[in-house]
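Trainee: If you want my numbering, it's the position in the sequence shown, counting the first as 1, plus 9. Positions of the beta carbon are idealized from the N, C-alpha and C atoms, including for glycine. On a predicted model such as this, the values are computed, not experimentally measured, just so you know.
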Amino acid sequence: MIEKLSPPNVDIFLLSLISMSSVLKYKKINRNAFSPIRATTLSAGLDLKSPYNCSIQPSCKRLVKINISIILPYGRISPRSSLAIHHGIDVLAGVIDKDYRGNICVLLINHGGDTIAQLVCVKNDYPKVEHTDSLKTQRGEGGFGSSDTTIKHRVT
10 MIEKLSPPNV
20 DIFLLSLISM
30 SSVLKYKKIN
40 RNAFSPIRAT
50 TLSAGLDLKS
60 PYNCSIQPSC
70 KRLVKINISI
80 ILPYGRISPR
90 SSLAIHHGID
100 VLAGVIDKDY
110 RGNICVLLIN
120 HGGDTIAQLV
130 CVKNDYPKVE
140 HTDSLKTQRG
150 EGGFGSSDTT
160 IKHRVT
């Protein structure tokens, strides 16, 4: 089904058609594994659930198995914004190498059956590494907050 789109949304629709041409193949490691699913048609990530019920104490971490393995075109495990804002849960490591075929695991807290993270397929570039003596830009070495020139009130 194709939604009727207003002109500003045409680019989004075309981009989604192009980007959905890739295929993510997955295999369940056991019968309790959940399939990765998109919450909505244009969701950036595929929701990942763990069949295990586990928790960790504050300031601690745990590796949670998802019990699927994948042939990944490219990707990374990302936190779910709702878990981050409501429970302070974050993904501590998330890059998945294209040639990895083991059990996908997520480093965080989990309440069995909840969607705990998202698999976001992001294209990866393999640039040639080249040394240079200059990396000058207009911003220079300005770090956190250095480009916030339009903010009048700072949060303290």
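Can you give the beta carbon distance from Pro88 to Ala126, rounded, assuming they're within the 8 Å contact cut?
Mentor: Indeed they touch by this definition, with Cβ atoms about 6 Å apart.
Trainee: Using DSSP with H/G/I as helix, E/B as strand and the rest coil, what is Ile105?
Mentor: In the structure shown, Ile105 sits in coil (DSSP, three-state: anything other than H, G, I, E or B).
Trainee: Could you check the C-alpha separation between Lys34 and Ile79 for me, to the nearest Å?
Mentor: Between Lys34 and Ile79, the C-alpha separation is close to 6 Å.
Trainee: Ile27: buried (16+ other C-beta within 10 angstroms of its C-beta) or exposed?
Mentor: Low per-residue confidence applies at Ile27: pLDDT is 46, beneath 50, and the placement is therefore not dependable, though the value from the model is reported in the following sentence. With fewer than 16 Cβ atoms within 10 Å of its Cβ, Ile27 is classed as exposed.
Trainee: Quick one: what's got a C-beta closer than 8 Å to Asn112's C-beta in the same chain, skipping five residues either side?
Mentor: Excluding positions up to five away in sequence, the list reads Ile38, Lys74, Ile75, Asn76, Ile77, Ser78.
Trainee: How is Ser78 classed by DSSP in three states: helix, strand or coil?
Mentor: Of the three classes helix, strand and coil, the one that applies to Ser78 here is strand, per DSSP.
Trainee: Applying the 10 Å Cβ sphere with the 16-neighbour rule, what's the burial state of Val115?
Mentor: Classification of Val115: buried, given that the 10 Å Cβ count is 16 or more.
Trainee: With C-beta atoms as the reference, is Val129 less than 7 Å away from Arg85?
Mentor: Yes, the pair counts as a contact, with Cβ atoms nearer than the cut-off.
Trainee: Does the distance from the C-beta atom of Pro67 to that of Leu55 stay below 7 Å?
Mentor: No, these two residues do not count as a Cβ contact at 7 Å.
Trainee: Can you check DSSP and say which residues form a bridge with Asp123?
Mentor: Answer is none; Asp123 lacks a bridge partner.
Trainee: When you compare the CB positions of Lys137 and Leu101, do they come within less than 7 Å of one another, or not?
Mentor: No; because the gap between Cβ atoms is not below 7 Å, this pair is not in contact.
Trainee: How is the beta strand (DSSP E) around Leu116 delimited, first residue to last?
Mentor: Its beta strand (DSSP E) spans residues 114 to 116.
Trainee: Kindly list the residues whose CB is nearer than 8 Å to the CB of Val131, restricted to its own chain and excluding five residues on each side of it in sequence; keep chain order.
Mentor: Closer than 8 Å at Cβ, skipping near neighbours: Tyr83, Gly84, Arg85.
Trainee: For the segment 31 to 76, list the beta strand (DSSP E) runs that are entirely contained and at least 3 residues long, ordered along the chain.
Mentor: Qualifying beta strand (DSSP E) stretches, in chain order: 34 to 37, 54 to 58, 72 to 74.
Trainee: Can you tell me where the alpha helix (DSSP H) holding Ile94 begins and where it ends?
Mentor: Taken as a continuous stretch (DSSP letters only), the alpha helix (DSSP H) holding Ile94 covers 90 to 96.
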